[in-house]
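Trainee: Dropping a structure here in structure tokens format, bear with me for questions.
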Amino acid sequence: MKILVALKRVADPANHNKVKIPASGDRIDTAGLEWQINPFDLYALETALRLTENGKNPKKREGEVVVLTIGPKETETNLRSALATGADRAIRIEAVDEELDGRLVAHALAKIVEEEKPDVVMMGKQVVDSETNMVGQVLAELLDWPMATFAATIQEQPDGLLVEREVDGGVAKVKVTLPAVVTVDLRIVSPTSVRSKHTEAGFKYPYEEVRFAPLPAIMQAKKKPLAIKNLSELTPDLKSTTRYVKYEAPPGRKAGIKVKDVQELVQKLATEAKVI
Amino acid sequence: MVDTSVSFMRSLCMGVIEEQIVLPFPRVQDEQRETLRTVIESIRQLLGSKETDFAAWDRAGEMPKEFIEQLKEFGLFGLIVPEEYGGLGFKSTAYSRTLQEVAKYDASVAVTIGAHSSIGMRGLVLFGTDEQKQRFLPRLATGEMIAAFCLTEPGAGSDAAAIKTRAEKDGDDWVLTGNKLWITNGGIADFFTVFARTGDESGKVHMTAFIVTRDMEGVSVGPHEHKMGLRASSTTTLHLDSVRVPEQNVLGPLNKGFKVAMQILNNGRTGLGGGAIGGMKRLIEMSTQYANQRQTFGKPISEYGSIKLKVGQMVVNCYATEAVVDMVAMLIDQGYEEYAVEAAISKVFASEALWQAADEALQIAGGNGYMCEYPYERILRDARINRIFEGTNEILRLFIALTAMNDVGSQLQELSSTVKGIFDDPIKGFGVMRQYAMKHATLVTGYPRAKSRFTLVDPLLREHAAVFEDATRHLAAAVDRILRKHGRNIIGKQLASRRLANIMIDLFVLACVLSRVNSSLAERGAEGAQRELDILKVFANQVQRRVRHAFSLIDINDDELIKGVADYAFEQERFVWDNI
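From first to last, the protein sequence lines stand for chains A and B. Our numbering puts the last residue of the first sequence at 995; the count rises by one with no breaks. Our numbering puts the last residue of the second sequence at 1174; the count rises by one with no breaks.
The following block contains the structure:
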């Protein structure tokens, strides 16, 4: 199986307090931010790696995992680290974040899909910075491919993927034929969430997270191919159609109050919070 | 092209500022930086979640085998092994940075890796024959073999020449017998770099390095030692009972073991330095978070001057340590051959800065700091050894000062031979040089004044560069004066040497900080580098005060008095006074 994984770099969510908005409110000041791959995209990468191995021997890949990002040169660090964890090759589309929006990204991805012809395009259900949750869906529409969003488990079957989707109020089971677009949710990295046709019955991953690269793999990743493309060549006639009017930090949280007894608590919940 | 045979500090003691050695501050290449970032992130994922394990292993005094297997699989044992032998091929800079990251999480792990790479197999990498490398490096890279460095003996620590382990030639083999002490990794190592006596010649001990492997008959190790810190790392004795070692296991030149040992230690110092930086960065994180949270008298203690002073000093010292350790690493990587003094300075400064940081961080945490529930006391215990192993700071201070004086001594000897015609008596040896050449040297001011200034630093830093230049002049004069006062007796004048060493340590670290800030300034401008300028200012002022004080004590001091007090105590072997 050939899987194309789309990765986006985001400001490290653990350092969200470093995100600064200048007084003009016309942009986010990115100076001093630390970048990493969007956590949900990392789950997608982990999923792709699991789908292309038998689990027991993660060094042996059955198929191909290609990682892709759109961004400036610095994002190659993120691609290299994805290569180090096991992806076979990487593509970077040169662009600056400000000129992008979900629709444009989906169009660029569609172009790459035409060239690469993967069986599955995989990515996180959303990115933790802009939280638009639209690239996967728009891409599926552009390609006219089936899609499975918010995947919590994936089981490879002879005629496609059986996907359990996280939806409000439960789990929706869908089957998609290939090629398809899949976006993943948090639970996809549980020890038994992903089963490829090579995975032995009863096999469990010994970790419940994203794998990390051992040092020799980091050195080997330097030799793996990394191709560079230009956004303007992929989507010459398209521009971002999203216009940002103003950036504002969310209001700070108000201090809480202490209640002296249960009675007062109940009364406040009823009269002030109006939740009971 | 820079002359790589010149040492910055050795030149400095003659009043020469070889600024092109330390300026501009050497930069890590972009590609290497990218690799290091990935390495750092991977290490975080490997070790970041194991804090409770590290605390438990410290108490148990051992780390589990499975964890060591994990370290092997992760590739941490192959850091310095060249890529053609299956390692990562890290040079000093990348190696030091990697150990820094490991040390942030646990010093026992850092030392296990460090003893393997910094010293255990460094002799093989530096001096091994192709055949020896082929035979061992691939297995050392994967951790299938773990390495240990075996020099210290029950009667020979700082005084390495006193080793008793003997190697006797027997046919084609050497037969080694003796006992080694405090061998880091002893319990888990299969590859030992062992130093043994290979003969005496007119009172001079000859020593040779050998590769000894655990499977050789007669090799055994003692039980796991219980230590103050680094408790989860393995330390044992090593016993060699008529161990037959083939000739092809002689490491480096025969009878040059002392040089081999020194080269290994000098070359490996940036590992220890990196570890110290990692420890300090973690302590700064812990202390700042703690001080922001902990409230007294209605305010977080981070608002109090006494706490700010401690944290500020920790930051200044960490910045300075990183500047000096990285400088030394990059000197090594650039192919400089004379870096022993600079490397020794980085070890002394780094180990003392770490100790001070650990002590102050514990103090900031107050009673909590003393409780085993918190990691402060463990970090303090772990940090203490750095001032002792890989050459005690006392010995290294003597080495730093005596190397400088030896240089100046020989330069003056050379000078003296050029004035042969002036003096009738043949000039030979140190004593005569002292009387005549010294005078001559001071008369003509002796020192080439051409390189007496920093010309490559930003004008904004002129004032700090001037502090350095001024102190350099005094340093050169002081070396001269101390030599004149004590002559070759200087060897026995440890307090005079120590004072000189302290000045040299301060000055080299200042040069590195100056260079580092100079580069930041070039990259980020005065506004972007504002905090770093402040750090430089604080550090330069501190150095200036310390150095002035030290200079003032060269001629007038209490050395003899305090030594007398000590001698009295040695006689009595107790404190004799009492108030009842």
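For every residue, glycine included, the Cβ atom is placed at its ideal position computed from N, Cα and C. Quick caveat: nothing in here was measured; it's all calculated off a predicted structure.
(1) Should the segment 933-947 of chain B be regarded as contacting the segment 907-916 of chain B, the criterion being three or more beta carbon pairs within less than 8 Å?
(2) Note the first and the last residue of the continuous alpha helix (DSSP H) segment covering residue 953 of chain A.
(3) Is it the case that the segment 911-930 of chain A contacts the segment 884-894 of chain A, given that we only count it when at least three CB pairs across the two stretches are under 8 Å?
(4) Would you kindly report the start and end of the unbroken beta strand (DSSP E) that includes residue 1131 of chain B?
(5) Can you name the start and end residues of the alpha helix (DSSP H) that residue 763 of chain B belongs to?
(6) Quick check on the DSSP output: what are the complete alpha helix (DSSP H) runs of length 4 or more inside the segment 612-640 of chain B, in order along the chain?
(7) Do the segment 787-806 of chain B and the segment 735-754 of chain B touch if we need at least three Cβ pairs shorter than 8 Å?
(8) Does DSSP put residue 1003 of chain B in a helix, a strand or coil?
(9) Between which two residues does the alpha helix (DSSP H) holding residue 705 of chain B run?
(10) In chain B, which residues lie less than 7 Å from residue 758 of chain A when you measure between Cβ atoms?
(11) Take residue 998 of chain A as the anchor and find which of B:739, B:1050, B:668, B:685 has the nearest alpha-carbon.
(12) Should residue 1092 of chain B be listed as close to the ligand ZN, given that the test is whether its C-beta is under 6 Å from any heavy atom?
(13) For residue 799 of chain A, decide whether its Cβ has a neighbour in chain B, counting only Cβ atoms nearer than 7 Å.
(14) I need the straight-line Cα distance from residue 845 of chain A to residue 815 of chain B, nearest angstrom please.
(15) Is it buried or exposed, residue 842 of chain B, if we count other Cβ atoms within 10 angstroms and call 16 or more buried?
(16) Ignoring anything shorter than 3 residues or poking outside the segment 817-855 of chain A, list the beta strand (DSSP E) runs there in chain order.
(17) Quick one, which residues of the segment 936-955 of chain A are near chain B if we go by CB-CB under 7 Å, in chain order?
(18) Mark residue 605 of chain B as exposed unless 16 or more other C-beta atoms lie within 10 angstroms of its C-beta, in which case mark it buried.
(19) If you count every other CB in all the chains shown that lies within 10 Å of the CB of residue 1072 of chain B, and 16 or more means buried, which is it?
(20) Does DSSP put residue 1161 of chain B in a helix, a strand or coil?
(21) Whole angstroms are fine: how far does the CA of residue 974 of chain B sit from the CA of residue 659 of chain B?
(22) Nearest CA to the CA of residue 718 of chain B: which residue from B:806, B:777, B:899?
(23) Straight-line CA distance for residue 871 of chain B to residue 948 of chain B?
(24) Report the option in B:903, B:893, B:859 whose CA atom is closest to the CA atom of residue 933 of chain B.
(25) Chain A partners of residue 672 of chain B, CB-CB under 8 Å?
(26) Can you name the residues of chain B whose CB is closer than 7 Å to the CB of residue 803 of chain A?
(27) Taking C-alpha atoms, which residue in B:921, B:926, B:1091 lies nearest to residue 1000 of chain B?
(28) Give the C-beta separation of residue 720 of chain B and residue 857 of chain B to the nearest angstrom, bearing in mind that I take them to be a contact with Cβ-Cβ under 8 Å.
(29) Do you know whose CA, among B:875, B:902, B:873, lies nearest residue 886 of chain B's CA?
(30) Given residue 744 of chain A, which residues of its chain have a CB within under 8 Å of its CB, disregarding the five upstream and five downstream residues?
(31) Could you tell me the alpha carbon to alpha carbon distance between residue 954 of chain A and residue 930 of chain A, rounded to whole angstroms?
(32) Since residue 931 of chain A meets chain B, which of its residues come closer than 7 Å, beta carbon to beta carbon?
(33) List the residues of chain A that residue 669 of chain B touches, going by C-beta distances under 7 Å, in chain order.
(34) Listed in chain order, which residues of the segment 727-747 of chain B have Cβ atoms closer than 7 Å to some Cβ of chain A?
(35) Please state the DSSP three-state secondary structure of residue 976 of chain B.
Mentor: For this structure:
(1) Yes, the segment 933-947 of chain B touches the segment 907-916 of chain B.
(2) As a first step, residue 953 of chain A is located in the first sequence; it is residue number 234 there, counting from the start. From DSSP, the alpha helix (DSSP H) with residue 953 of chain A extends over 950-953.
(3) Contact fails: fewer than three Cβ-Cβ distances are below 8 Å.
(4) Against the second sequence, residue 1131 of chain B aligns to sequence position 537. Following the DSSP letters along the chain, one finds residue 1131 of chain B in no beta strand (DSSP E) but inside the alpha helix (DSSP H) bounded by residues 1124-1146.
(5) Here residue 763 of chain B corresponds to residue number 169 of the second sequence, with the count starting at 1. From DSSP, residue 763 of chain B is part of no alpha helix (DSSP H) but of the beta strand (DSSP E) over 760-764.
(6) The alpha helix (DSSP H) runs lying completely inside the segment 612-640 of chain B and spanning 4 residues or more are 613-616, given in chain order.
(7) Enough Cβ pairs lie closer than 8 Å, so yes.
(8) Start at 1 with the first residue of the second sequence, and residue 1003 of chain B comes out as number 409. Residue 1003 of chain B: helix per DSSP, three-state reduction.
(9) Start at 1 with the first residue of the second sequence, and residue 705 of chain B comes out as number 111. Here the alpha helix (DSSP H) through residue 705 of chain B covers 701-708.
(10) Start at 1 with the first residue of the first sequence, and residue 758 of chain A comes out as number 39. Neighbours of residue 758 of chain A on chain B: none; closest Cβ ~13 Å, over 7 Å.
(11) Past the edges of chain A, shown from 720 to 995, lies residue 998 of chain A, and the structure says nothing about it.
(12) In terms of ligand content, the structure shown is empty, and the ligand ZN therefore cannot be addressed.
(13) As a first step, residue 799 of chain A must be located in the first sequence, where it is residue number 80. Cβ-Cβ to chain B under 7 Å: yes for residue 799 of chain A.
(14) The count along the first sequence starts at 1 and reaches residue 845 of chain A at position 126. The count along the second sequence starts at 1 and reaches residue 815 of chain B at position 221. Going from the Cα of residue 845 of chain A to the Cα of residue 815 of chain B covers about 56 Å.
(15) The sequence position of residue 842 of chain B within the second sequence is 248, counting from 1. Its Cβ having fewer than 16 others within 10 Å, residue 842 of chain B is exposed.
(16) With a minimum length of 3 residues, the continuous beta strand (DSSP E) runs that stay inside the segment 817-855 of chain A are 839-843.
(17) Interface annotation for the segment 936-955 of chain A against chain B: 937, 938, 941, criterion Cβ-Cβ distance under 7 Å.
(18) Taking the first residue of the second sequence as position 1, residue 605 of chain B is located at position 11. Classification of residue 605 of chain B: buried, given that the 10 Å Cβ count is 16 or more.
(19) Indexing the second sequence from 1 puts residue 1072 of chain B at position 478. Around the beta carbon of residue 1072 of chain B, 16 or more other beta carbons sit within 10 angstroms, so the residue counts as buried.
(20) Residue numbering aside, residue 1161 of chain B sits at position 567 when the second sequence is read from its first letter. Residue 1161 of chain B falls in the helix class under three-state DSSP.
(21) Within the second sequence, numbered from 1, the residue matching residue 659 of chain B stands at position 65. Within the second sequence, numbered from 1, the residue matching residue 974 of chain B stands at position 380. When rounded, the distance between both Cα atoms is 25 Å.
(22) Counting from 1 along the second sequence, the entry for residue 718 of chain B is found at position 124. Nearest Cα to residue 718 of chain B within the set B:806, B:777, B:899: B:806.
(23) As a first step, residue 871 of chain B is located in the second sequence; it is residue number 277 there, counting from the start. As a first step, residue 948 of chain B is located in the second sequence; it is residue number 354 there, counting from the start. For residue 871 of chain B and residue 948 of chain B, the distance between alpha carbons rounds to 7 Å.
(24) The residue given as residue 933 of chain B occupies position 339 in the second sequence. Nearest of B:903, B:893, B:859 to residue 933 of chain B, Cα basis: B:859.
(25) Residue numbering aside, residue 672 of chain B sits at position 78 when the second sequence is read from its first letter. Within 8 Å of the CB of residue 672 of chain B, the CB atoms of chain A belong to 934, 935, in sequence order along the chain.
(26) Residue mapping note: residue 803 of chain A aligns to position 84 of the first sequence, counting from 1. Within 7 Å Cβ-Cβ: 632.
(27) Within the second sequence, the letter at position 406 stands for residue 1000 of chain B. The shortest C-alpha to C-alpha distance from residue 1000 of chain B to any of B:921, B:926, B:1091 is the one to B:1091.
(28) Start at 1 with the first residue of the second sequence, and residue 720 of chain B comes out as number 126. Start at 1 with the first residue of the second sequence, and residue 857 of chain B comes out as number 263. The Cβ separation is near 6 Å, so the contact holds.
(29) Position 292 of the second sequence, counted from the start, is the residue given in the question as residue 886 of chain B. In terms of Cα proximity to residue 886 of chain B, the closest of B:875, B:902, B:873 is B:902.
(30) Residue mapping note: residue 744 of chain A aligns to position 25 of the first sequence, counting from 1. If we look at residue 744 of chain A and ignore the five residues flanking it on each side, its Cβ neighbours are 965, 966, 967.
(31) Sequence index remark: in the first sequence, residue 954 of chain A carries index 235 (1-based). Sequence index remark: in the first sequence, residue 930 of chain A carries index 211 (1-based). Rounded to whole angstroms, residue 954 of chain A to residue 930 of chain A spans 34 Å at the Cα level.
(32) Working through the first sequence from its first residue, we reach residue 931 of chain A at position 212. Correct list: 636, 639, 640.
(33) Position 75 of the second sequence, counting from 1, holds the residue named residue 669 of chain B. Listed by position along chain A, the residues whose Cβ is nearer than 7 Å to that of residue 669 of chain B are 933, 934, 935.
(34) The segment 727-747 of chain B vs chain A, Cβ under 7 Å: nothing.
(35) Residue mapping note: residue 976 of chain B aligns to position 382 of the second sequence, counting from 1. Residue 976 of chain B falls in the helix class under three-state DSSP.
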